[in-house]
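Visitor: Just so you know, the protein sequences line up as chains L and S, in that order.
Read in our numbering, the first sequence has 169 at position 169, and its numbers run on one by one without any break.
Each number in our numbering corresponds to the 1-based position in the second sequence with 1000 added.
Dumping the structure here so I can ask a few things about it.
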Amino acid sequence: MSGAGEDYEELLRAWVGRELVARRPGQDPVNVPMIRHWVEAMEDPNPVYLDEDAAKATGRDGVVAPASMIQAWTMRGYAATVHPSAERSGFDELVALLAEGGYTSVVATDSELEFERELVPGDHVSVEEHVESISAEKQTGLGAGRFVSTVKTYRDASGEVVATQRWRTLRYRPAEKPAPDKPKALRPRPAINPDNAFWFEAAREHRLVVQRCADCKSLRHPPGPCCPQCGSFAWDTVESSGRGHVYTFTVNHHPRHPAFDYPLVVAVIELAEGTRLIANMAGVEPADVAVGMPVVLDWIDPDPDLSLPVFRPAAHEER
Amino acid sequence: MSRVYDEVAVGDELPELAIPLTRTMIVATALASRDYQDVHHDPALARERGSKDVFMNILTTNGLVDRYVTSWAGPAARVKAIRIRLGAPNHPGDTMVLTGTVSAKHDDGRRVEIAVRGVNAIGPHVTGTAVVELPGGAA
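This is how it looks when you write it as structure tokens:
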């Protein structure tokens, strides 16, 4: 259903002025224990909320509730929050109508409290809520939406208004997810230095190379300047066959980096040449990866300037 | 010790107040206002709903603006209005710094308007106006 149709506009207009929530008393009258709880949590040092003498010294008859506490006196409480009533209020109906128009998300933007008088212990506050206005569709940073203004009227037990609260929320259609052609986050850059640059340069050409000692001919990975077997600094490379098996692996769920898809299999691959390297697995569900699984080399080019080896399970004839 | 109406001038600045936003404080204030919405106390559910962590509820923002202006105005002041616009959420580990300036005086009812702003590391969390009624006479 479109949010732009004339009929839809008419349905929304019909809500203006209507009661959303009928007058409903708070669970408890204004009381000192709840005031104390509030004042302590807010770290509010004003003595007129708890100290009878200090309140009288300011010309009041006794302690008063903090003005900003007005809304707290009519909150539904824990039980109604975790087990909401199945009964639909006008509020639920309006939310459903807005959702039909695609306005499924909500953010509160303004609260305007006006106080007629201070509340004192024993006052029993009720609240009712009416729709004041529903705006035309506006473009906002969050997406296209409508501002819904309501007014909550707080009354004492005799029906006198003690405070009003204009409450504005934006009901919006969440902005589209980033378009697929939008550049994806880049992978963390490898730390390239004179000792390992050859390996990444070969990877750019989709060649998996292994460093070899020019003297004792032993292979080594990761790259380093010096042969751990004989100490020689002379080296060359051989190109790997790209065949190997999973030596060990882990499945990364958390923490997440935006460049990767999760769950992410991070494996140590033992190449047929005997050296091991760390790489991601591709073309396999994490649950199907097993130690010893024969794998073959593939390549990914996740970013314009980065090519990396990945391994996928070897088909029988590739083993 | 309360401020009196005649001794306040438009342009007067309130002392800055930095409020550390601890996780305990965000949860304690939500519960003190009887707000049990999960986004104010359950980090996993807050993240599931698209937030980076739990965040302060609006009743608390009103409560802190109330505290800020009455701490300056003194115990004899009566709060007549708190009108706020909400912005960047207050998450645990951040600090909100409140500043305020007297923006208008209305002799009728000895009302003083204070422009209030509360800024955290992301940006303005709250901007708005509080109105207090101050006692007349000399200090």
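Ideal Cβ placement from N, Cα and C applies to all residues, glycine included.
Select from the stretch 145 to 161 of chain L all residues with a C-beta closer than 7 Å to any C-beta belonging to chain S, and list them in chain order.
Guide: Going along the stretch 145 to 161 of chain L in chain order, one finds no residue with a Cβ nearer than 7 Å to chain S.
Visitor: Going along the chain, which residues of its own chain have a beta-carbon closer than 8 Å to the beta-carbon of L/P188, five neighbours each way excluded?
Guide: In the first sequence, counting from the first residue as 1, residue 188 of chain L sits at position 188. Result list for L/P188: H257, A259, in chain order.
Visitor: Using DSSP with H/G/I as helix, E/B as strand and the rest coil, what is L/A14?
Guide: Along the first sequence, one-based indexing puts residue 14 of chain L at 14. Coil.
Visitor: Are the C-beta of S/A1139 and some C-beta of chain L separated by less than 8 Å?
Guide: For the purposes of this step, residue 1139 of chain S is identified with residue 139 of the second sequence, where counting begins at 1. For S/A1139, the predicted structure reports a pLDDT of 48, less than 50, and the residue's modelled location is therefore unreliable. The matter cannot be settled from this model.
Visitor: Return helix, strand or coil for L/M1, following the three-state DSSP convention.
Guide: Residue numbering aside, residue 1 of chain L sits at position 1 when the first sequence is read from its first letter. The predicted model places L/M1 with a pLDDT of 45, which falls under 50 and marks its position as unreliable, so this point remains unresolved.
Visitor: Return the bridge partner residues of L/A214 from the DSSP annotation.
Guide: As a position in the first sequence, residue 214 of chain L is number 214, starting the count at 1. Paired residue(s): none; L/A214 is not in a bridge.
Visitor: Does S/T1029 come within less than 8 Å of chain L when only Cβ atoms are used?
Guide: The residue you call residue 1029 of chain S lines up with position 29 of the second sequence. Answer yes: the Cβ-Cβ gap between S/T1029 and chain L drops below 8 Å somewhere.
Visitor: Using a Cβ cut-off of 8 Å (strictly closer), state whether S/A1081 contacts chain L.
Guide: For this step, residue 1081 of chain S is matched to residue 81 along the second sequence. So, interface residue.
Visitor: Can you give me the C-alpha to C-alpha distance between L/H37 and L/N31, rounded to a whole angstrom?
Guide: Within the first sequence, numbered from 1, the residue matching residue 37 of chain L stands at position 37. Within the first sequence, numbered from 1, the residue matching residue 31 of chain L stands at position 31. Computed Cα separation, rounded: 10 Å.
Visitor: In chain order, what residues of the same chain have a beta carbon less than 7 Å from the beta carbon of L/V330, not counting five sequence neighbours either side?
Guide: Past the boundaries of the shown model lies residue 330 of chain L; chain L is included only from 1 to 319, so the question cannot be answered.
Visitor: Do you know how far the Cα of S/M1025 is from the Cα of L/A224?
Guide: Here residue 224 of chain L corresponds to residue number 224 of the first sequence, with the count starting at 1. Here residue 1025 of chain S corresponds to residue number 25 of the second sequence, with the count starting at 1. Sequence inspection shows Gly at residue 224 of chain L; the Ala mentioned does not correspond to that position. Computed Cα separation, rounded: 52 Å.
Visitor: Using a Cβ cut-off of 8 Å (strictly closer), state whether L/E118 contacts chain S.
Guide: Walking along the first sequence from the start, residue 118 of chain L turns up at place 118. So, interface residue.
Visitor: Taking only three categories from DSSP, how would you classify S/R1067?
Guide: Counting from 1 along the second sequence, the entry for residue 1067 of chain S is found at position 67. S/R1067: helix per DSSP, three-state reduction.
Visitor: From the DSSP output, which residues share a beta bridge with L/Q139?
Guide: Counting from 1 along the first sequence, the entry for residue 139 of chain L is found at position 139. Per DSSP, L/A144.
Visitor: Between which two residues does the alpha helix (DSSP H) holding L/F91 run?
Guide: The residue labelled residue 91 of chain L in the question sits at position 91 within the first sequence. Counting along the chain, the alpha helix (DSSP H) containing L/F91 begins and ends at 90 to 100.
Visitor: How many Å lie between L/G17 and L/A65 at the Cα?
Guide: On the first sequence, position 17 is the one that residue 17 of chain L refers to. On the first sequence, position 65 is the one that residue 65 of chain L refers to. Near 31 Å, if we compare the C-alpha coordinates of L/A65 and L/G17.
Visitor: Nearest CA to the CA of L/V162: which residue from L/N193, L/K138, L/R117?
Guide: Taking the first residue of the first sequence as 1, we reach residue 162 of chain L at position 162. Ranking the options by Cα distance to L/V162, first place goes to L/R117.
Visitor: Is the beta carbon of L/P45 sitting closer than 8 Å to the one on S/S1033?
Guide: To locate residue 45 of chain L, count along the first sequence from 1; it is residue 45. To locate residue 1033 of chain S, count along the second sequence from 1; it is residue 33. Cβ distance not < 8 Å, so L/P45 and S/S1033 don't count as in contact.
Visitor: 8 Å is my cut-off, CB to CB: does L/M1 come that close to chain S?
Guide: If you number the first sequence from 1, residue 1 of chain L lands on position 1. Its pLDDT being 45, under 50, L/M1 is placed unreliably by the model, and the measurement read from it follows with that caveat. Not closer than 8 Å to any Cβ of chain S, the Cβ of L/M1 fails to qualify, so no.
Visitor: Alpha carbons only, please: which of L/P286, L/R155, L/C216, L/Q165 is nearest the one belonging to L/E132?
Guide: Residue mapping note: residue 132 of chain L aligns to position 132 of the first sequence, counting from 1. When only C-alpha atoms are compared, the closest one is L/Q165.
Visitor: Please identify the residue among L/T237, L/R88, L/V120, L/P194 whose C-alpha is closest to the C-alpha of L/P33.
Guide: Counting from one through the first sequence, the residue named residue 33 of chain L turns up at place 33. The residue with the shortest Cα to Cα distance from L/P33 is L/V120.
Visitor: Alpha carbon to alpha carbon, how far is L/E285 from L/E129? Give it in angstroms, no decimals.
Guide: Locating residue 129 of chain L in the first sequence gives position 129, counting from the first residue. Locating residue 285 of chain L in the first sequence gives position 285, counting from the first residue. Rounded to whole angstroms, L/E129 to L/E285 spans 53 Å at the Cα level.
Visitor: Give every residue of the same chain whose Cβ lies closer than 8 Å to the Cβ of L/L97, excluding the five residues on either side of it in the sequence, and list them in chain order.
Guide: Within the first sequence, the letter at position 97 stands for residue 97 of chain L. These residues qualify, in order along the chain: L11, L12, W15.
Visitor: Put L/P263 into one of helix, strand or coil per three-state DSSP.
Guide: In the first sequence, counting from the first residue as 1, residue 263 of chain L sits at position 263. Three-state result, L/P263: coil.
Visitor: Using a Cβ distance threshold of 8 Å, determine whether the stretch 1061 to 1080 of chain S contacts the stretch 1008 to 1028 of chain S, with at least three qualifying pairs required.
Guide: The stretch 1061 to 1080 of chain S makes contact with the stretch 1008 to 1028 of chain S; the number of CB pairs closer than 8 Å reaches 3 or more.
Visitor: Mind checking which residues open and close the beta strand (DSSP E) that includes S/V1119?
Guide: Mapped onto the second sequence, residue 1119 of chain S falls at position 119. Here the beta strand (DSSP E) through S/V1119 covers 1111 to 1119.
Visitor: Alpha carbon to alpha carbon, what distance is there between S/G1118 and S/D1094?
Guide: Working through the second sequence from its first residue, we reach residue 1094 of chain S at position 94. Working through the second sequence from its first residue, we reach residue 1118 of chain S at position 118. Distance between the alpha carbons of S/D1094 and S/G1118: 12 Å.
Visitor: What would DSSP say about S/D1038, mapped onto helix, strand or coil?
Guide: Within the second sequence, numbered from 1, the residue matching residue 1038 of chain S stands at position 38. Reduced to three states, the DSSP call for S/D1038 is helix.
Visitor: Identify every residue that forms a DSSP beta bridge with L/R207.
Guide: Position 207 of the first sequence, counted from the start, is the residue given in the question as residue 207 of chain L. None, per the DSSP bridge assignment.
Visitor: Would you please verify whether the beta carbon of S/I1122 is less than 8 Å from any beta carbon of chain L?
Guide: Residue numbering aside, residue 1122 of chain S sits at position 122 when the second sequence is read from its first letter. Cβ-Cβ to chain L under 8 Å: no for S/I1122.
Visitor: Give the single residue among S/V1054, S/T1129, S/V1112 whose Cα lies nearest to the Cα of S/R1003.
Guide: Residue mapping note: residue 1003 of chain S aligns to position 3 of the second sequence, counting from 1. Its Cα nearest to that of S/R1003, the residue S/V1112 stands out among S/V1054, S/T1129, S/V1112.
Visitor: Is there a C-beta anywhere in chain S that falls below 8 Å from the one on L/A333?
Guide: Coverage of chain L is limited to positions 1 through 319, which leaves residue 333 of chain L absent and any answer about it impossible.
Visitor: Taking Cβ positions only, does L/E129 come closer than 8 Å to chain S?
Guide: Translated into positions along the first sequence, residue 129 of chain L becomes position 129. With 8 Å as the cut-off, L/E129 does not count as an interface residue toward chain S.
Visitor: Output yes or no for whether 8 Å exceeds the beta carbon distance between S/V1132 and S/A1009.
Guide: As a working mapping, residue 1132 of chain S is identified with position 132 in the second sequence. As a working mapping, residue 1009 of chain S is identified with position 9 in the second sequence. Not a contact, by the Cβ cut-off of 8 Å.
Visitor: With a cut-off of 8 Å, do at least 3 Cβ pairs link the stretch 45 to 62 of chain L to the stretch 101 to 115 of chain L?
Guide: no
Visitor: Just to check my reading of the structure: S/N1090 and S/H1125 have Cβ atoms closer than 8 Å, yes? What is that Cβ distance to the nearest angstrom?
Guide: For the purposes of this step, residue 1090 of chain S is taken as residue 90 along the second sequence, with counting starting at 1. For the purposes of this step, residue 1125 of chain S is taken as residue 125 along the second sequence, with counting starting at 1. The C-beta distance from S/N1090 to S/H1125 rounds to 5 Å, short enough to fall under 8 Å.
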